[in-house]
Amino acid sequence: MARLLGEVFGHKETIAKLLETFASQRPGQTFLFVGPNGVGKKKIAVGLAQALLCERTPMACGHCPSCLRVAANAHGSLKLIAPTGANIKIEESREVIEFLSLQSLTAKRVVIIDQAQSLNTQAANALLKILEEPPTQTYFFLIAPSAAGVLSTIRSRSRPVSFRPLTTADIARGAPESPEWAVRASQGSFEKLAQLKGGPEQEVRGDAFRILQQFLEDPDFLTDSSWREPFKERARAQRIMSYWISFLRDVLYYQEDRKASIMNVDQGDLLKKLGAKKRDLILGLIEKAMRVEIEILQNRDVQLLMEQFWIQNQSREQGMSNA
């Protein structure tokens with residue numbers, strides 16, 4: 002079993018600063034880790050717990066019995082709670098209080114609260130006193146996508162630590178088997194990468210490119226019913242529009258010879274085909290697709306929106322070709 006902090010991709014400077022903090026005379030005891038899901042916040046929190054509880058070194062050796070138990074989530078001085086359902090309820094907070102009331106076999110104890118924005122008011126209030134005056138050598142790591150989602154009474158008792166999205170290089174190193182388009186589209190999140198690679202999302206993406214090509218090339222688009230089925234489900238239609246917008250931006254990057262910025266690198270043939278079109282036409286498509294995406298979320302008739310979109314685009318193309 003390896004040292005957990007050594008398995009983290011990115012965030013090297015942040016980790017180093019946190020380890021320095023724990024080596025100082027007044028390290029602080031309650032930390033709020035904020036940043037996108039899937040960038041390693043929880044793994045870093047568990048890795049820091051491993052370092053704090055290691056029997057051999059403050060950096061965590063990764064091999065002693067304590068490090069192995071932390072890695073297996075079986076250490077008696079580590080408590081990890083997360084939502085059961087939509088919220089973290091008062092029962093979970095009471096578990097933390099009981100955990101800290103018991104005699105510990107080690108000098109230090111660590112509590113990790115994953116998705117701390119899910120603490121309901123009762124659960125948060127139950128923890129306030131302990132967070133304000135934590136027991137000696139007890140460390141809290143609260144994890145959330147943003148500080149704004151965490152109750153202000155919890156935020157005020159915590160030291161915020163921000164985590165940025167990972168770089169494309171970090172994602173590629175962490176998931177070397179992933180297709181390049183998914184790595185580029187992951188937004189620096191392993192969680193987002195996993196969603197993109199999942200079967201349902203791959204199907205939506207496939208629909209998006211198939212229908213976009215049909216939308217741009219088929220003169221009988223309105224009477225062809227094959228594109229309508231994916232647009233019967235509002236959430237799916239919104240995702241398809243999102244892929245259109247992403248790809249049409251790629252077309253602009255292609256026209257500007259900014260290849261490194263292109264996300265959908267597996268769609269080379271379609272990129273070349275659309276890259277030959279006038280830039281104003283592509284800009285118009287992006288603008289309209291963005292409006293359609295918003296109107297889909299406003300409960301407009303999705304298929305009617307698409308019909309109007311196609312008619313407007315046909316008129317625009319004809320106007321440009323006659324100019």
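Numbering (my numbering) for the sequence shown: 2 to 324.
Where is the CB? At the ideal position from N, CA and C, for every residue including glycine.
If residue i and residue j are in contact, beta carbons under 8 Å, what's the gap, nearest whole angstrom?
| i | j | result |
| --- | --- | --- |
| I295 | V303 | No, I295 and V303 are not in contact; Cβ-Cβ is about 12 Å, not under 8 Å. |
| Q256 | R280 | 6 Å |
| L53 | H76 | Rounded, the Cβ-Cβ distance is 10 Å, inconsistent with contact. |
| T31 | S159 | 5 Å |
| I131 | I82 | No, I131 and I82 are not in contact; Cβ-Cβ is about 13 Å, not under 8 Å. |
| L20 | M60 | 7 Å |
| L275 | I283 | 7 Å |
| E93 | A124 | 6 Å |
| K289 | Q313 | 7 Å |
| F216 | T15 | With a Cβ gap of about 44 Å, F216 and T15 do not count as contacting. |
Taking the beta carbon of residue i as the centre, do at least 16 other beta carbons fall within 10 Å, making it buried, or is it exposed?
| i | result |
| --- | --- |
| D208 | buried |
| D115 | buried |
| P161 | exposed |
| G189 | buried |
| A108 | exposed |
| M321 | exposed |
| R292 | exposed |
| A73 | exposed |
| S78 | buried |
Any idea what DSSP makes of residue i, helix, strand or coil?
| i | result |
| --- | --- |
| V112 | strand |
| T139 | strand |
| L286 | helix |
| R229 | coil |
| F32 | strand |
| P59 | coil |
| A73 | coil |
| A117 | helix |
| Q3 | Reading off the sequence shown, one finds Ala at residue 3, where the question assumed Gln. DSSP places A3 in coil when its eight states are reduced to three. |
| A145 | strand |
| D221 | coil |
| E192 | helix |
| C65 | coil |
| E204 | helix |
| T15 | helix |
| D302 | coil |
| G199 | coil |
| S25 | coil |
| N314 | helix |
| G86 | coil |
| R292 | helix |
| K273 | helix |
| L106 | coil |
| G320 | helix |
| R211 | helix |
| G150 | helix |
| E308 | helix |
| K260 | helix |
Which stretch, first to last residue, makes up the beta strand (DSSP E) that contains residue i?
| i | result |
| --- | --- |
| K80 | L79 to I82 |
| S163 | R160 to S163 |
Tell me which residue opens and which closes the alpha helix (DSSP H) that residue i is part of.
| i | result |
| --- | --- |
| S153 | S153 to R156 |
| I246 | R235 to Q256 |
| N126 | T122 to E133 |
| E96 | I91 to S102 |
| V266 | Where V266 is concerned, there is no enclosing alpha helix (DSSP H), given that its DSSP letter is neither H nor E. |
| F10 | No alpha helix (DSSP H) contains F10, which DSSP labels as neither H nor E. |
| T169 | T169 to G175 |
| E181 | E181 to A186 |
| L53 | K42 to L54 |
Can you name, in chain order, every residue of its own chain whose Cβ lies under 8 Å from the Cβ of residue i, other than the five neighbours on each side?
| i | result |
| --- | --- |
| N121 | N88, I89, K90 and I91 |
| P146 | V35, G36, P37, N38 and Q118 |
| R150 | The question names Arg, yet the displayed sequence has Gly at residue 150. So the qualifying residues of the chain are Q118. |
Counting only the same chain and skipping the five closest in sequence on each side, list residues whose C-beta sits under 7 Å from that of residue i.
| i | result |
| --- | --- |
| K198 | S179 and A183 |
| F10 | G41, L167, D171, R174 and G175 |
| Q239 | E294, I297 and L298 |
| R250 | I287 |
| V47 | L5, V71 and I113 |
Sorted by chain position, which residues of the same chain lie with C-beta nearer than 6 Å to residue i's C-beta, five sequence neighbours on each side aside?
| i | result |
| --- | --- |
| F248 | N265 |
| I155 | A125 |
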